Every structure is written in C-alpha cells, then in structure tokens.
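Chemist: Input: one structure, supplied below.
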Amino acid sequence: MASISMPASQGISDLEYKRRIRAWTLYDWANSAFATTILAAVLPVYYSQVAGSTLPSPAIATAYWSTGLSVSLFIVAILSPILGTVSDVMRGKKRFLAIFFGMGIVGTGLLVLVDSGDWLLASLLFMFGRIGWTAANVFYDALLPHVAREEDRDSVSARGFAVGYLGGGLLLAINIVMIQLLPGTWGARLSFLSVAIWWGVFSIPLFRRVPEPPSASVKLAPGETVIGASFQRLRETLKDIRRYRELLKFLIAFLIYADGIGTIIEVAAIYGAELGFGSIELVLALLLVQFVAIPYSLIFGRLPNKTESRRPFYLAFILFNLGALPLVGIAGSRMLPSSITGMPPAPYASTASAAGQGIYLASDPRIVYEGEWSDLPVLAEELGSEAGATYRTTRDLSSVLKFKFIGQSVDLTYFSGPENWIWFVLLDGQPVPVEESGIDLTIDTYHPTIRYGETATISSIEPGEHTLELRMVQKGGGGQVGLASIEVLTPARQSNLAVIIGLIVAVELVGLLLSALLGKALFSGLAEKMDTKNGILLALIVYAVIAVWGFFINSVIEFWFLAWMVAVVQGGSQALSRSLFSVMSPAAKSGQFFGVFSVMEKFSAILGPLLFAIAATTFNSSRPAVLSIIVFFVVGGYLLTRVNVEAGREVARAEDAALLSGNNPT
Numbered sequence: 100m101a102s103i104s105m106p107a108s109q110g111i112s113d114l115e116y117k118r119r120i121r122a123w124t125l126y127d128w129a130n131s132a133f134a135t136t137i138l139a140a141v142l143p144v145y146y147s148q149v150a151g152s153t154l155p156s157p158a159i160a161t162a163y164w165s166t167g168l169s170v171s172l173f174i175v176a177i178l179s180p181i182l183g184t185v186s187d188v189m190r191g192k193k194r195f196l197a198i199f200f201g202m203g204i205v206g207t208g209l210l211v212l213v214d215s216g217d218w219l220l221a222s223l224l225f226m227f228g229r230i231g232w233t234a235a236n237v238f239y240d241a242l243l244p245h246v247a248r249e250e251d252r253d254s255v256s257a258r259g260f261a262v263g264y265l266g267g268g269l270l271l272a273i274n275i276v277m278i279q280l281l282p283g284t285w286g287a288r289l290s291f292l293s294v295a296i297w298w299g300v301f302s303i304p305l306f307r308r309v310p311e312p313p314s315a316s317v318k319l320a321p322g323e324t325v326i327g328a329s330f331q332r333l334r335e336t337l338k339d340i341r342r343y344r345e346l347l348k349f350l351i352a353f354l355i356y357a358d359g360i361g362t363i364i365e366v367a368a369i370y371g372a373e374l375g376f377g378s379i380e381l382v383l384a385l386l387l388v389q390f391v392a393i394p395y396s397l398i399f400g401r402l403p404n405k406t407e408s409r410r411p412f413y414l415a416f417i418l419f420n421l422g423a424l425p426l427v428g429i430a431g432s433r434m435l436p437s438s439i440t441g442m443p444p445a446p447y448a449s450t451a452s453a454a455g456q457g458i459y460l461a462s463d464p465r466i467v468y469e470g471e472w473s474d475l476p477v478l479a480e481e482l483g484s485e486a487g488a489t490y491r492t493t494r495d496l497s498s499v500l501k502f503k504f505i506g507q508s509v510d511l512t513y514f515s516g517p518e519n520w521i522w523f524v525l526l527d528g529q530p531v532p533v534e535e536s537g538i539d540l541t542i543d544t545y546h547p548t549i550r551y552g553e554t555a556t557i558s559s560i561e562p563g564e565h566t567l568e569l570r571m572v573q574k575g576g577g578g579q580v581g582l583a584s585i586e587v588l589t590p591a592r593q594s595n596l597a598v599i600i601g602l603i604v605a606v607e608l609v610g611l612l613l614s615a616l617l618g619k620a621l622f623s624g625l626a627e628k629m630d631t632k633n634g635i636l637l638a639l640i641v642y643a644v645i646a647v648w649g650f651f652i653n654s655v656i657e658f659w660f661l662a663w664m665v666a667v668v669q670g671g672s673q674a675l676s677r678s679l680f681s682v683m684s685p686a687a688k689s690g691q692f693f694g695v696f697s698v699m700e701k702f703s704a705i706l707g708p709l710l711f712a713i714a715a716t717t718f719n720s721s722r723p724a725v726l727s728i729i730v731f732f733v734v735g736g737y738l739l740t741r742v743n744v745e746a747g748r749e750v751a752r753a754e755d756a757a758l759l760s761g762n763n764p765t
C-alpha cells in the first residue's frame with residue numbers, strides 16, 4: 100500500500116508557504132511568453148509571410164498552421180487525463196511537468212532556425228512546442244491544490260494569471276522592438292529563442308521550491324504495473340462519475356461559458372480590422388488588455404475572501420466599470436470630434452472624372468490600359484474576388500495602366516508567378532517613396548509559385564483626386580503582369596489615443612473615488628454573498644454586456660473602452676474557474692482531474708468560433724456574430740447557478756480522507 104501524507108501546504112512555516120506560492124505563480128510569468136509571442140502575435144504572421152512564403156497561397160499557409168494547431172491540441176486532449184492519472188499514482192506531477200516543459204522549450208528555441216520556405220520545419224517545431232506547453236500546464240494547474248491552502252486558492256490562482264499577463268506582455272513588447280530594429284527575419288527568429296530562454300530561466304524557482312506532491316494510496320496487485328493501475332483508476336472514476344455530479348455540472352457550464360470567453364479573445368483583433376481600425380491601434384489595444392488585466396485579476400481573486408475587509412470597495416469598483424465604461428465610451432463617440440474618437444468619415448463619392456469608394460474589376464472601363472495588353476480569364480475560385488474579373492497580361496514594356504480615383508488609398512489585387520515583371524508606381528505623375536527611405540515604390544510580382552489574390556496598398560499623403568499609374572519594368576526572365584481589381588479604400592479613421600487613454604484614466608479615477616466613498620455603505624451586503632461561483636457569474640454578466648456593446652461599436656474610442664472592459668474580467672474569470680474546479684476535485688487525484696479539465700478547455704475552443712463563423716457567413720458581417728456569443732454566457736451562467744459547490748467540495752474532501760486512510764471509495 101502506497102502512503103499519502105498531508106497536503107504539501109500544511110505543516111510548513113508561513114515564510115516557506117509564501118516562497119512556494121511565489122515560485123508557483125512565477126511559472127505563469129515564464130510560460131505566458133509562449134502564449135503571447137508564439138501563439139498570438141509573432142509566429143502566426145511569421146509562418147504565413149516567411150516560413151510559408153513558398154506555398155501556393157497565404158490561405159494554404161493558414162490551413163497548414165491551423166492543422167498543426169488542431170493536431171497538437173488533439174494529442175494533448177488524449178494524453179492529459181491518462182498522464183494526469185499516472186502522475187497521481189506514481190507521485191510524478193513535477194516529473195511530468197519537467198518532461199513537457201523541456202519539450203516546449205526545445206521546440207520553441209529551435210524555431211530560431213526557421214527561415215523563408217521552412218514551413219514544414221516550422222510546423223513540426225510548433226507542434227512539438229505546443230504539445231509541451233499545453234501538457235505542462237496540466238501538471239502546473241494540478242499543483243495548485245498542493246501549493247495553496249483551500250482558503251487561499253482564489254487569490255493564488257488569480258495572482259498566477261496576473262503575473263502571467265505581466266510577464267507575457269513585457270516579453271512581447273521587447274520582441275516587438277527587436278523585430279523593428281533587427282535586420283531581415285532575425286528580429287522574429289531571435290524573439291522565438293527569447294521565449295525559450297525566458298520560459299526556462301523563470302521556471303527554475305518552481306522546480307526548486309515546490310515539492311513533489313504525495314501520491315495517492317493505491318495497492319498494486321501482484322504483477323500489476325503503475326500504468327495498469329492508472330488506467331483502472333481512470334476507468335473507475337469515469338464509471339462512477341455520478342459521485343462527482345456537481346463537478347460534472349460545473350465542467351459542462353465551464354465548457355460553454357469558456358467557449359464564449361475564448362471566442363472574444365480570438366476574434367477581437369480581426370473584428371477590429373474589419374471595422375477599419377488601424378493595426379497600431381489594434382496591437383496597442385491588445386497590449387492594453389495584457390497589462391490592465393493584472394490588477395483586475397487580483398481584485399477578482401480577493402472578492403470571495405471572507406477575511407478581506409475591502410470586498411465592498413472591490414465589488415463597487417467592478418460594478419462601476421460595468422456601467423461607466425459603456426456609457427462614457429458611447430457618449431464620447433457621439434459628443435467628441437471624429438478626429439479624436441475615430442468615427443468613420445463619410446465615404447468617397449465618385450465624380451464624372453474619378454472613381455469613388457468601391458471595387459473596380461480589371462475589365463472596368465475606368466481602368467485605362469495603354470500599350471499592348473491581352474486578357475487572360477481566371478476562375479473566380481482561384482481569383483479570390485468577384486466573379487467575372489480577369490487578369491491582363493502584357494509583354495510590352497511601354498504598356499501603362501492609369502486609374503483616376505477620389506480618396507487616399509487603393510488596394511491592388513494581382514497574381515504573382517515565376518515569369519512576372521515589376522510594376523513601377525506613380526501617383527499624380529510622381530514616384531511614390533517608401534516611407535522615409537527615399538526609395539521609389541515598386542511592386543514585384545515575381546514568385547517561385549503562382550499565387551492568386553496578392554494585394555498591395557498604395558497611399559497618398561492627403562485625400563483628394565489622384566491618378567494612379569503603373570508602368571511595366573522588365574525583370575530578368577519575366578514576361579507578364581496580372582491585375583484582378585483595384586479597390587478605393589474607405590477614408591482612414593482619425594483618432595487621438597492620448598485623449599482616449601486620458602479619458603479612460605479619468606473614468607477609472609472617478610470609479611476609485613466613488614467606490615472608496617460609497618462602496619461600504621452600498622455594497623457590504625452584496626459583497627458578503629460574493630463567493631467564487633458568484634464572482635464567476637459577475638464576470639459572465641460583464642461579458643454579456645461586452646457582446647451586446649460589441650454589436651454596436653463603430654469608433655476607436657468605443658473599441659478601447661471595450662478592450663478595457665474585457666481586461667476587467669478576462670483574468671479573473673479564468674482564475675476563479677481554475678480555483679473553483681480545484682476545491683471540488685480531490686487533491687490526491689488533481690493530476691487526473693486537471694487532465695479532464697484540460698480536455699474541456701480544448702473542446703471549449705470549438706463551438707464558439709464555429710458559431711461565430713456561421714453567423715458571420717449568414718449575415719455577411721461579424722456584428723451579428725459578436726452578438727451571438729452572448730448565448731454562451733447566458734447558458735453557461737445559468738448552468739453554473741445550478742452547481743452546488745458545497746456538495747461538490749464535500750465529495751472531494753471525503754475522497755481525500757478515504758485515500759488518506761487507504762480506502763479508495765471508487
């Protein structure tokens with residue numbers, strides 16, 4: 100009979116207890132660098148533009164990337180509950196954490212070798228690193244019940260998320276600077292290496308300070324192996340799942356509402372781009388969420404703490420944000436000048452001599468061709484644009500294309516291939532300089548493989564009536580160029596981020612003042628009812644408001660206020676969910692149960708994006724798709740209200756007691 104001792108958080112000094120908590124939370128700081136740089140910001144773009152540059156199209160690169168993501172998630176979903184159970188039986192949570200942590204670091208660090216055309220290497224290394232990162236998180240989460248006492252788990256879990264947001268955000272900011280300053284692809288490649296180093300160095304305290312949790316009490320029959328006993332135990336748990344009825348109800352609720360949370364995180368940037376917000380505004384908004392989520396994660400972690408005297412103040416501050424952020428954001432978009440708020444300007448209208456806002460196919464009479472041209476029809480599916488468009492080819496160096504338009508920027512859609520020439524770009528008869536380099540703009544349509552639907556944006560300094568002129572420039576071995584369409588883009592939004600951020604800060608200062616003055620008087624009674632489950636429900640109410648407001652937003656100021664609102668609840672909702680799960684699952688089986696929790700997290704990444712895609716396709720707009728996400732918060736929140744947390748906690752305590760005495764109830 101294997102023995103099981105008291106939880107690792109018991110029987111130690113307060114100083115050692117705090118050191119272990121700091122070491123555990125610091126791992127969040129370490130591994131969040133993978134989430135920000137590898138998963139979200141840098142590697143996806145690098146994969147499409149550099150590693151996948153020799154693939155037939157960017158769509159193929161995206162498909163290969165998504166395939167690697169899905170395969171790695173599937174592998175982890177299969178392995179998590181099995182390895183989690185093995186780690187419980189053989190006392191190996193830190194051992195498995197170290198194995199997958201090593202996989203993640205090696206896969207991530209070797210991404211520094213990926214250069215142009217290395218899409219297969221990038222895919223394999225990314226999958227290797229992603230499996231390591233995701234599986235390591237299972238065992239990291241499983242350490243929570245052994246590191247933190249039950250009464251501290253909400254705040255400790257929240258502290259981990261807060262520290263993670265800070266660490267991941269800081270390294271991402273450093274990596275963005277590296278990409279801007281270093282030549283060629285070295286900025287991105289070294290940023291991948293920096294993630295591996297960051298992850299490795301800041302994980303050392305966890306391996307040094309946090310002890311290996313005790314194993315569960317399991318009697319091995321003659322000839323029985325640890326692996327066999329682990330599978331038997333997992334089968335018994337699944338067979339007797341009715342014993343964990345409340346935990347199962349929570350997992351179903353979590354599966355649904357986490358789907359909504361994940362979808363909002365994943366579609367925020369692309370939704371903002373669809374609304375016409377600039378890339379700088381979007382990137383800065385994402386960084387805003389990363390850092391602003393830090394204090395709010397800590398606030399949510401303290402809300403359920405019965406000994407926290409400032410709970411009315413924290414609750415009042417969150418409720419103030421729930422009301423004030425939408426009201427001030429909407430009012431500001433209507434009352435302040437559009438040059439500050441980023442409201443969309445009026446569209447450019449066509450005149451008798453120039454084309455206004457819209458898409459003009461290659462065959463449109465407003466696109467004038469001089470010289471010798473020939474038409475080459477292309478299938479609409481290959482073209483990736485409207486049916487009936489054609490590409491035009493030429494072998495005459497004197498051939499010129501001219502297009503008069505009203506606006507500031509145009510997008511050219513063209514094809515590239517192995518025998519293609521270069522376009523020399525003129526705007527109003529003058530060469531277009533590339534930023535401040537002094538080099539004249541050209542569009543090189545050469546590519547080793549044929550790719551349809553390539554785009555290039557050409558912009559003037561000021562809006563007005565302009566003449567775009569493209570002249571053919573011979574390239575060795577080349578002999579053709581091809582155009583699909585020219586799109587006159589919508590007027591660029593104008594915004595003042597300094598004023599917007601100043602307004603948000605002013606709102607937050609007012610909220611802090613009112614919460615300090617009135618919080619205790621108005622919200623003491625409600626604060627007493629704020630346990631972990633009600634804290635999650637409060638976050639879901641905020642998310643529901645975000646989904647409704649997201650349907651209506653049409654200005655930069657609203658997008659930033661909305662991003663701040665997401666930051667209020669993003670870390671807290673995830674931290675409290677992890678904590679609530681930990682108190683309703685037996686500590687001696689934390690590996691097994693957090694393996695199941697990991698599986699539910701993976702499946703929660705499926706339904707939300709699917710519903711979003713269906714709604715966006717049906718209505719030809721992402722606005723209804725954003726609104727549809729509210730279904731996950733309403734249904735998930737309702738199911739969460741049906742969970743009896745105390746009953747689930749008692750089952751977990753009874754099982755731990757039985758395992759401690761050697762009598763396994765299952």
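Here our numbering is used: position 318 in the sequence shown is 417, and no number is missing along the way. Don't be surprised by glycine CBs; every beta carbon is placed ideally from N, CA and C. In this text, all values refer to a predicted model and were calculated from it rather than measured experimentally.
1. Mapping DSSP to helix, strand and coil, what is Phe412?
2. Where Ala461 and Leu661 are concerned, what is the direct C-alpha to C-alpha distance, given to the nearest angstrom?
3. Taking buried to mean at least 16 other C-beta atoms within 10 Å of its own C-beta, is Leu478 buried or exposed?
4. Look at the alpha carbon of Lys632 and the alpha carbon of Tyr356, and state the distance between them as a whole number of angstroms.
5. For the alpha helix (DSSP H) that contains Asp113, what are its first and last residues?
6. Check each candidate in Leu569, Arg741, Ala666 and name the one with the smallest Cα separation from Gln389.
7. Between the C-alpha atoms of Thr260 and Gly267, what's the straight-line distance to the nearest angstrom?
8. Taking its Cβ as the centre, do 16 or more other Cβ atoms sit within 10 Å of Asn719, making it buried, or is it exposed?
9. Looking only at its own chain, which residues have a Cβ that is under 6 Å from the Cβ of Leu125, when we skip the five neighbours before and after it?
10. Residue ranges of each beta strand (DSSP E) run of no fewer than 3 residues wholly in the segment 573-653, ordered along the chain?
11. I need the DSSP call for Gly464, collapsed to helix, strand or coil.
12. Just verifying my parser: in three-state terms, what is the DSSP assignment at Trp520?
13. Over what stretch of residues does the alpha helix (DSSP H) that includes Gly201 continue unbroken?
14. How long is the line joining the alpha carbons of Leu196 and Pro436, rounded to whole angstroms?
15. What first and last residue would you give for the alpha helix (DSSP H) that runs through Gly769?
16. Going by DSSP, name the residue or residues bridged to Leu383.
17. With 16 other CB atoms within 10 Å as the buried threshold, where does Met434 fall?
18. Near Gly483, which residues of its chain fall below 7 Å by C-beta distance, leaving aside the five closest residues on each side in sequence?
19. For Trp663 and Gly167, I'd like the C-alpha separation in whole angstroms.
20. Can you tell me the Cα-Cα spacing of Trp123 and Trp232, whole angstroms?
21. Where does the unbroken alpha helix (DSSP H) through Gln148 begin, and where does it stop?
22. Expressed to the nearest angstrom, what Euclidean distance is found between the alpha-carbon atoms of Pro562 and Leu381?
23. Within the same chain, show all residues whose beta-carbon is closer than 6 Å to that of Gly735, passing over the 5 residues directly before and after it, in chain order.
24. When you compare the segment 633-644 with the segment 604-614, are there three or more beta-carbon pairs, one atom per stretch, that lie closer than 8 Å?
25. Please classify Asp240: does DSSP put it in a helix, a strand, or coil?
26. Can you name the residues that DSSP bridges to His565?
27. Return yes when the Cβ of Ser497 is within less than 8 Å of the Cβ of Gly470, no when it is not.
28. From which residue to which residue does the beta strand (DSSP E) around Ile542 run?
29. Do you know how far the Cα of Ala234 is from the Cα of Val175?
30. Compute the Euclidean distance between the alpha carbons of Ile360 and Ala712, then round it to the nearest angstrom.
31. The alpha helix (DSSP H) spanning Ser277 covers which residue range?
32. Using 8 Å as the cut-off, can you tell me whether the segment 582-598 makes contact with the segment 436-445, which would need three or more C-beta pairs spanning the two stretches below that distance?
33. Excluding the five sequence neighbours on either side, which residues of its own chain have a C-beta within less than 6 Å of the C-beta of Val255, listed in chain order?
34. State the Cα-Cα distance for the pair Phe504 and Val149, rounded to the nearest angstrom.
35. Buried or exposed: Thr493, going by 16 or more other Cβ atoms within 10 Å of its Cβ?
36. Which residues mark the beginning and the end of the alpha helix (DSSP H) in which Leu289 is found?
Modeler: Looking at the coordinates:
1. Helix, per DSSP.
2. Rounded to the nearest angstrom, the two C-alpha atoms are 40 Å apart.
3. Model confidence at Leu478 stands at a pLDDT of 47, short of 50, so the residue's coordinates are unreliable and nothing is read from them.
4. Cα to Cα, the separation comes out at about 13 Å.
5. Taken as a continuous stretch (DSSP letters only), the alpha helix (DSSP H) holding Asp113 covers 113-132.
6. Restricting attention to Leu569, Arg741, Ala666, the CA atom closest to the CA of Gln389 is found in Ala666.
7. Per the sequence presented here, residue 260 reads as Phe, with Thr not at that position. If I take the Cα positions, the gap works out to 10 Å.
8. Label assigned to Asn719: exposed.
9. Here the set comprises Phe301, Pro304.
10. With a minimum length of 3 residues, the unbroken runs of beta strand (DSSP E) contained wholly in the segment 573-653 fall at 582-587.
11. For clarity, residue 464 is Pro in the given sequence; the question names Gly instead. In the structure shown, the three-state DSSP call for Pro464 is coil.
12. Three-state result, Trp520: coil.
13. First-last of the alpha helix (DSSP H) with Gly201: 192-208.
14. Taking the straight line from one Cα to the other gives about 54 Å.
15. In the structure as shown, the chain begins at 100 and stops at 765. Residue 769 is therefore absent and cannot be evaluated.
16. Under the DSSP definition of a beta bridge, Leu383 lacks any partner.
17. For Met434, the number of other beta carbons within 10 angstroms of its own is below 16, and it is reported as exposed.
18. Because Gly483 carries a pLDDT of 46, less than 50, the predicted location of this residue cannot be relied on, and the following value inherits that uncertainty. Counting only Cβ-Cβ distances below 7 Å, and skipping sequence neighbours, we find Tyr551, Gly552.
19. Distance between the alpha carbons of Trp663 and Gly167: 32 Å.
20. Taking the Cα positions, Trp123 is about 16 Å away from Trp232.
21. Boundaries for Gln148: no alpha helix (DSSP H) harbours it, and the DSSP string shows neither H nor E there.
22. One C-alpha to the other measures close to 23 Å.
23. Closer than 6 Å at the Cβ level, and outside the excluded window around Gly735, lie Ala352, Ile355, Tyr356.
24. No, they do not touch.
25. Here Asp240 sits in helix by DSSP.
26. In the DSSP output, where bridge partners are listed per residue, His565 has Phe504.
27. In terms of Cβ geometry, Gly470 and Ser497 form a close pair [threshold 8 Å].
28. Per DSSP, the unbroken beta strand (DSSP E) holding Ile542 starts and ends at 541-543.
29. Val175 and Ala234: Cα-Cα distance of roughly 6 Å.
30. Distance between the alpha carbons of Ile360 and Ala712 is about 16 Å.
31. With the sequence shown as reference, residue 277 is identified as Met, and Ser is not the correct amino acid for it. Looking at the DSSP string, the run of the alpha helix (DSSP H) that includes Met277 is 252-280.
32. These segments touch.
33. Taking Val255 as the centre and dropping the five residues before and after it, the same chain places the C-beta of Ile120, Ala247 closer than 6 Å to its C-beta, in chain order.
34. Between Phe504 and Val149, the C-alpha separation is close to 33 Å.
35. Classification of Thr493: buried, given that the 10 Å Cβ count is 16 or more.
36. Counting along the chain, Leu289 sits inside the alpha helix (DSSP H) bounded by residues 285-300.
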